[in-house]
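When the letters of the sequence shown are read in order and numbered with our numbering, they come out as residues 58 to 262. Even for Gly, the Cβ is constructed at its ideal location relative to N, Cα and C. Every value quoted in this text rests on a predicted model; they were computed, and no experiment measured them. The next block holds one structure in the form of structure tokens; read it before the comments.
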Amino acid sequence: MVQKEGRPRGRPRSFDADEALDKARAVFWNLGYAATSLDDLAEATGLNRPSLYGAFGDKHALYMAALERSRSEAVGGVRLLLSRPGPLRETLGHLYASANRVYMAGRAGQRGCFLIGTAVTQAVEDRSARLTMANFLAELDQAFAARFEQTPSELAPGVAPESAAPIAAATLHTLAIRARAGADEVTLQTVAQAAVVLICGGQRV
58 MVQKEGRPRG RPRSFDADEA LDKARAVFWN LGYAATSLDD LAEATGLNRP
108 SLYGAFGDKH ALYMAALERS RSEAVGGVRL LLSRPGPLRE TLGHLYASAN
158 RVYMAGRAGQ RGCFLIGTAV TQAVEDRSAR LTMANFLAEL DQAFAARFEQ
208 TPSELAPGVA PESAAPIAAA TLHTLAIRAR AGADEVTLQT VAQAAVVLIC
258 GGQRV
């Protein structure tokens, strides 16, 4: 079929690619990678298939772009919150409270963390997703370890920065899972407070 002269194929590249990626990520977040169809993505972004392919590549490439964006945003957010001045106990409490607000958000329901919610399943047979997930976990561990090494005296007796870091990161993971499973704010806050006590000792914040 001959394309009429002057009529573009598909939708012109006049859309906001960042906005389209965020909308596509929301679909993957709610449905998971396998259950998300190209029609779902086209409807959410307002782009037809040729435009999606032209901007992002295939479905997997679009998912990986969303995954990498989430990894970068999540790690950057944790590092920023860990850099705030004040006692470690308060810093961790504030970080977990901020994470819980994100994890409990979502129009369709509480979504948890995009990486934990979708990449854990996808990583079984998807090497790219597995690598992104592994990098995400390692970067979180490193971010917490770097903060704990600055003030090791604020850790509970006998707790070393390198051993506290994966516990602090794992708390984020369990909060994300519990939120996606429907846990309420009180439950999530109780888990977070218990983790702070485990890491810093003393009484709950």
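Alpha carbons only, please: which of the options is nearest the one belonging to residue i?
i, options, result
"L149", "V253, R158, G259", "V253"
"H151", "D241, L139, R237", "L139"
"A180", "Y90, L95, P209", "Y90"
"A77", "Y120, S210, V248", "Y120"
"P142", "R204, E242, A156, V248", "R204"
"E211", "G103, L109, R146", "R146"
"V177", "L194, Q167, A162, A165", "L194"
"T247", "D115, N157, L95", "N157"
"R237", "D97, V135, D115, V159", "V159"
"R128", "L188, A227, E206", "L188"
"I132", "A251, L98, A191, R184", "The sequence given here places Val at residue 132; Ile does not occur at that position. Out of A251, L98, A191, R184, A191 has the C-alpha closest to the C-alpha of V132."
"H117", "P144, D183, D97", "D183"
"A227", "A249, D97, D96", "A249"
Would DSSP call residue i helix, strand or coil?
i, result
"D73", "coil"
"H117", "helix"
"P223", "helix"
"D241", "coil"
"P142", "coil"
"V253", "helix"
"T247", "helix"
"N87", "helix"
"S38", "Residue coverage of the chain in this structure runs from 58 to 262, which leaves residue 38 outside it and unanswerable."
"A131", "helix"
"G67", "Any reading at G67 must be qualified, since the residue scores a pLDDT of 45, below 50, and its modelled position is unreliable; the value itself is stated next. In the structure shown, G67 sits in coil (DSSP, three-state: anything other than H, G, I, E or B)."
"E62", "Summary for E62: the model assigns pLDDT 41, below 50, so the residue's position carries little reliability; its value from the coordinates is reported in the next sentence. Three-state result, E62: coil."
"A233", "helix"
"Q167", "coil"
"G259", "coil"
What are the start and end residues of the alpha helix (DSSP H) that includes residue i?
i, result
"E206", "184 to 207"
"E147", "145 to 160"
"L212", "First-last for L212: undefined, no H or E at that position."
"L104", "Note, L104: premise wrong, no alpha helix (DSSP H); not H, not E."
Does the Cβ-Cβ distance between residue i and residue j come in under 8 Å?
i, j, result
"G258", "P214", "yes"
"L229", "L255", "no"
"F201", "A225", "yes"
"A99", "L109", "yes"
"P223", "P209", "no"
"W86", "R164", "no"
Report task. For the segment 232 to 240 and the segment 158 to 172, state whether three or more C-beta atom pairs, one from each stretch, are separated by less than 8 Å. Result -> yes
Report task. Check whether the segment 118 to 127 touches the segment 71 to 90, taking contact to mean three or more Cβ pairs, one atom from each stretch, closer than 8 Å. Result -> yes
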